[in-house]
Amino acid sequence: GKHIFSMVPSETEAVQGSRMKLMCISCMKREEVLANTIVKWFYKPEGGQDVAIYEFNNEKRELESPFQGRLEWNGSADMQDVSISVLNISMNDSGIYTCNVTREFLFETHRPIFTSSTLIHLTVLKEGKIIQGVSPFSRKKGVMGVQYAFLYFFIYSIYMPPLLLSI
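Letter by letter, the sequence shown follows residues 1 to 167 in the UniProt record's numbering.
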């Protein structure tokens with residue numbers, strides 16, 4: 001099949017115990033709405049094998065896996081958003097999630113099939129410090145430092161010339 005657009009980046013970090021939406025968007029043109037859409041989600045631990053964890057083929061179905069009972073469909077009725085959520089994320093849930101979308105278009109003479117894949121590399125953290133590896137506190141402090149330096153420079157440039165002139 002041919003690939004169709006499916007790019008909206010998902011969050012890639014989650015905090016242990018939280019609920020995490022794994023984003024998978026697969027856009028369709030207006031004339032494609034009559035397609036039959038099949039969605040399969042896979043999970044692959046570091047250095048492990050892909051395991052099918054969720055499937056949507058006319059109905060939602062959690063597959064037998066360590067995620068069973070913790071997955072929730074989060075997609076839209078028009079099947080352009082085919083995201084799922086993982087509830088109560090644990091440290092063991094880090095790894096690669098793959099969303100495979102297959103569309104079968106029902107035209108009169110033939111049935112073209114399109115597939116697209118989205119990969120999400122998820123890291124689970126023990127507690128909440130999700131700002132690209134920088135805690136909110138140290139980032140704020142850095143910005144304040146710049147502001148103070150600017151203010152200091154500004155005051156310095158206003159008050160220094162008279163002092164220099166009076167020497």
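Ideal Cβ placement from N, Cα and C applies to all residues, glycine included.
Residue pairing for L122: DSSP places it in a beta bridge opposite G95. D93 is classed as buried because its beta carbon has at least 16 other beta carbons within 10 Å across all chains shown.
If you look at M20, you'll find it in the beta strand (DSSP E) that goes 20-22.
The beta carbon of C99 sits closer than 6 Å to the beta carbons of C24, W41, T118 from its chain, once the five residues preceding and following it are set aside; these are given in chain order. Annotation note: the region 25-100 contains the following uninterrupted beta strand (DSSP E) runs of length 3 or greater, listed N- to C-terminal: 36-44, 51-57, 60-62, 71-73, 84-86. Rounded to the nearest whole angstrom, the C-alpha separation of H121 and F105 is 30 Å. No Cβ-Cβ contact shorter than 8 Å links V51 with M91. In this structure, the alpha-carbon of R111 lies about 22 Å from that of D81.
Judged by their CB atoms, V101 and S18 are not nearer to each other than the 8 Å cut-off.
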